[in-house]
Amino acid sequence: MGIHLKKADEVLHNESTRLLAFLEQVIFNFFIAVSKRFKDQVLMLEVPMRGVAPLLEVVKRLRSSSEHLTTLRPDFIQLCLLAKCYKTGLSILEDDIF
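Spelled out as C-alpha coordinates, the structure:
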(Lines of atoms letter the chains of each structure in order from A and count residues from 1; the text may use other names and numbers.)
(Lines give C-alpha, C1' and ligand atoms only; values in the text may rest on other atoms or scores of the structure.)
Protein backbone atom coordinates (compact mmCIF):
# COMPACT_ATOMS: atom_id res chain seq x y z
CA MET A 1 0.00 0.00 0.00
CA GLY A 2 2.86 2.40 0.81
CA ILE A 3 4.36 2.04 -2.67
CA HIS A 4 1.06 3.07 -4.28
CA LEU A 5 0.82 6.18 -2.10
CA LYS A 6 4.37 7.15 -2.98
CA LYS A 7 3.66 6.68 -6.69
CA ALA A 8 0.43 8.69 -6.41
CA ASP A 9 2.32 11.47 -4.62
CA GLU A 10 4.93 11.57 -7.42
CA VAL A 11 2.24 11.72 -10.11
CA LEU A 12 0.39 14.51 -8.31
CA HIS A 13 3.60 16.47 -7.84
CA ASN A 14 4.56 16.13 -11.52
CA GLU A 15 1.09 17.09 -12.71
CA SER A 16 0.84 20.07 -10.37
CA THR A 17 4.21 21.33 -11.62
CA ARG A 18 3.02 21.07 -15.22
CA LEU A 19 -0.28 22.73 -14.34
CA LEU A 20 1.46 25.64 -12.62
CA ALA A 21 3.68 26.24 -15.65
CA PHE A 22 0.62 26.13 -17.90
CA LEU A 23 -1.29 28.56 -15.67
CA GLU A 24 1.65 30.98 -15.59
CA GLN A 25 1.64 31.05 -19.40
CA VAL A 26 -2.14 31.51 -19.55
CA ILE A 27 -2.02 34.40 -17.08
CA PHE A 28 0.90 35.98 -18.96
CA ASN A 29 -0.99 35.76 -22.26
CA PHE A 30 -4.13 37.13 -20.61
CA PHE A 31 -2.30 40.23 -19.35
CA ILE A 32 -0.77 40.76 -22.79
CA ALA A 33 -4.17 40.50 -24.49
CA VAL A 34 -5.88 42.83 -22.00
CA SER A 35 -3.04 45.35 -22.26
CA LYS A 36 -3.13 45.34 -26.06
CA ARG A 37 -6.89 45.84 -25.97
CA PHE A 38 -6.44 48.69 -23.48
CA LYS A 39 -3.89 50.33 -25.81
CA ASP A 40 -6.31 50.01 -28.74
CA GLN A 41 -9.09 51.63 -26.71
CA VAL A 42 -6.86 54.51 -25.60
CA LEU A 43 -5.86 55.13 -29.21
CA MET A 44 -9.46 54.92 -30.38
CA LEU A 45 -10.42 57.56 -27.80
CA GLU A 46 -7.43 59.64 -28.93
CA VAL A 47 -6.00 59.99 -25.41
CA PRO A 48 -2.65 58.15 -25.60
CA MET A 49 -1.35 59.96 -22.49
CA ARG A 50 -3.84 58.02 -20.35
CA GLY A 51 -2.31 54.71 -21.44
CA VAL A 52 1.36 55.48 -20.83
CA ALA A 53 1.54 54.92 -17.04
CA PRO A 54 -0.61 51.75 -16.94
CA LEU A 55 1.25 50.17 -19.85
CA LEU A 56 4.63 51.08 -18.34
CA GLU A 57 3.61 49.27 -15.16
CA VAL A 58 2.55 46.17 -17.11
CA VAL A 59 5.75 46.16 -19.18
CA LYS A 60 7.85 46.36 -16.01
CA ARG A 61 5.91 43.63 -14.23
CA LEU A 62 5.79 41.16 -17.13
CA ARG A 63 9.46 41.17 -18.02
CA SER A 64 11.60 38.73 -16.10
CA SER A 65 14.54 41.17 -16.18
CA SER A 66 15.42 44.45 -17.87
CA GLU A 67 17.35 42.44 -20.46
CA HIS A 68 14.24 40.68 -21.78
CA LEU A 69 11.71 42.01 -24.24
CA THR A 70 7.96 41.64 -23.96
CA THR A 71 5.49 41.85 -26.79
CA LEU A 72 4.05 44.99 -25.18
CA ARG A 73 7.19 47.04 -25.60
CA PRO A 74 6.32 48.31 -29.11
CA ASP A 75 2.79 49.18 -27.96
CA PHE A 76 4.19 51.12 -25.03
CA ILE A 77 6.67 53.00 -27.24
CA GLN A 78 3.87 53.82 -29.69
CA LEU A 79 1.79 55.34 -26.88
CA CYS A 80 4.79 57.32 -25.64
CA LEU A 81 5.43 58.75 -29.09
CA LEU A 82 1.80 59.67 -29.68
CA ALA A 83 1.52 61.20 -26.19
CA LYS A 84 4.85 62.99 -26.66
CA CYS A 85 6.17 61.33 -23.49
CA TYR A 86 9.61 60.84 -24.95
CA LYS A 87 11.55 60.53 -21.68
CA THR A 88 9.19 57.84 -20.41
CA GLY A 89 9.65 55.84 -23.62
CA LEU A 90 13.39 56.38 -23.50
CA SER A 91 13.53 54.85 -20.03
CA ILE A 92 12.49 51.52 -21.55
CA LEU A 93 14.59 51.89 -24.69
CA GLU A 94 17.77 52.55 -22.70
CA ASP A 95 17.71 49.08 -21.11
CA ASP A 96 20.48 46.86 -22.46
CA ILE A 97 19.18 43.72 -24.15
CA PHE A 98 21.35 40.67 -24.65
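Taking this note's numbering as reference, the numbering of the sequence shown is continuous, increasing by one, and the terminal residue is 224. Where is the CB? At the ideal position from N, CA and C, for every residue including glycine. Computed from a predicted model, the values in this text were never measured in an experiment.
What residue range is occupied by the uninterrupted alpha helix (DSSP H) comprising residue i?
i: Cys206; result: 199-209
i: Pro180; result: 175-188
i: Leu145; result: 128-170
i: Ser217; result: 212-219
If you measure between the beta carbons of residue i and residue j, is that distance less than 9 Å?
i: Met185; j: Leu169; result: Before going further, note that residue 185 is Val rather than Met in the sequence given. For Val185 and Leu169, no; Cβs fall outside 9 Å.
i: Thr143; j: Val178; result: no
Considering only residues of the same chain and omitting the five flanking positions on each side of residue i, which have a CB-CB separation below 6 Å?
i: Met175; result: Ala209
State the CB to CB distance for the pair residue i and residue j, rounded to an integer number of angstroms; the pair is presumed to be in contact (CB under 8 Å).
i: Phe202; j: Leu171; result: About 17 Å; that fails the 8 Å criterion.
Taking buried to mean at least 16 other C-beta atoms within 10 Å of its own C-beta, is residue i buried or exposed?
i: Ile129; result: exposed
i: Lys132; result: exposed
i: Ile153; result: exposed
Can you list, in chain order, the residues of its chain whose CB lies under 7 Å from that of residue i, leaving out five sequence neighbours each side?
i: Gln204; result: none
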